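Note sheet for the following structure.
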Amino acid sequence: MNTNHYETVIILTPVLSEQQMKDAVAGFRELITGNGGELVHEENWGLTKLAYPIQKKGTGFYHLFEFKANPEFIKSFELVFRRDERILRYLTVKLDRWGVDFNQRKRNGELRTVTPQGEKVIVKKKIVLEEAML
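So the sequence shown is numbered by the working numbering: it starts at 949 and just counts up by one.
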């Protein structure tokens, strides 16, 4: 069976209660595993403000699924999202080997994030270079 690595982010409507949101996510999780998929990672990003209103709503529950599945499954998976009124938006991307490696390293804590303190050091280096040119 040919499986690919996918990442799906969904935005659920904010009018759902916490329990309704958890039930919806559990249903999507079962849909993945019930159709021969393997759930690799899952993150609940919580209630977040949207960049622009969607269906006159300014916030939404964000949830991320990272999974392995058959390519034919993705069409039926997204069809469920299109028909579900609880979903404001969704996006599914196929991860290449670098994306899979990046996500794995991020989960293991091997990647550093740039801190504001680190950015100040870069700015100081630029200032030093400008002074040296004078």
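The beta-carbon is built from N, C-alpha and C at its ideal position, and this holds for glycine as well. Remember, predicted model here, so these are calculated numbers, not experimental data.
My output table needs one value for Lys1054: the three-state DSSP class, helix, strand or coil. Residue numbering aside, residue 1054 sits at position 106 when the sequence shown is read from its first letter. If DSSP states are grouped into helix, strand and coil, Lys1054 belongs with the helices.
Where do the ends of the beta strand (DSSP E) carrying Thr961 lie? Position 13 of the sequence shown, counting from 1, holds the residue named residue 961. Run containing Thr961: none; DSSP gives neither H nor E here.
Host beta strand (DSSP E) of Glu990 (start-end): Along the sequence shown, read from residue 1 onward, the residue named residue 990 stands at position 42. Where Glu990 is concerned, the enclosing beta strand (DSSP E) stretches over 986–1002.
CA-CA distance, Pro1019 and Gly1047? Sequence index remark: in the sequence shown, residue 1019 carries index 71 (1-based). Sequence index remark: in the sequence shown, residue 1047 carries index 99 (1-based). Rounded to the nearest angstrom, the two C-alpha atoms are 17 Å apart.
Grab me the residues of Leu1028's own chain with a C-beta within less than 7 Å of its C-beta, minus the 5 sequence neighbours each way, in chain order. For the purposes of this step, residue 1028 is taken as the residue at position 80 of the sequence shown. In the sequence as presented, Leu is not what sits at residue 1028; that position holds Val. Excluding sequence neighbours, Val1028 sits near Leu979.
In whole angstroms, what is the alpha-carbon distance linking Thr961 and Gly1006? Numbered from its first residue, the sequence shown carries residue 961 at position 13. Numbered from its first residue, the sequence shown carries residue 1006 at position 58. Rounded to the nearest angstrom, the two C-alpha atoms are 10 Å apart.
Excluding the 5 residues flanking Phe1021 on each side, which residues of the same chain have their C-beta closer than 6 Å to its C-beta? Looking up residue 1021 in the sequence shown gives position 73. Cβ within range, chain order: Asn983.
Close Cβ partners of Arg1037 (< 8 Å) along its chain, the five nearest in sequence each way excluded: Here residue 1037 refers to the residue found at position 89 of the sequence shown. Here the set comprises Ile958, Ile959, Ile1002, Gly1008.
Is Lys1042 near Asn952, with beta carbons less than 7 Å apart? The residue given as residue 1042 occupies position 94 in the sequence shown. The residue given as residue 952 occupies position 4 in the sequence shown. Yes, these two residues count as a Cβ contact at 7 Å.
How is Arg1037 classed by DSSP in three states: helix, strand or coil? Walking along the sequence shown from the start, residue 1037 turns up at place 89. Three-state result, Arg1037: strand.
Within this structure, are the beta carbons of Ala1017 and Gly985 separated by less than 7 Å? Here residue 1017 corresponds to residue number 69 of the sequence shown, with the count starting at 1. Here residue 985 corresponds to residue number 37 of the sequence shown, with the count starting at 1. Yes. Within cutoff.
Is the beta carbon of Thr1040 sitting closer than 7 Å to the one on Thr981? Numbered from 1 along the sequence shown, position 92 holds the residue referred to as residue 1040. Numbered from 1 along the sequence shown, position 33 holds the residue referred to as residue 981. Contact: no.
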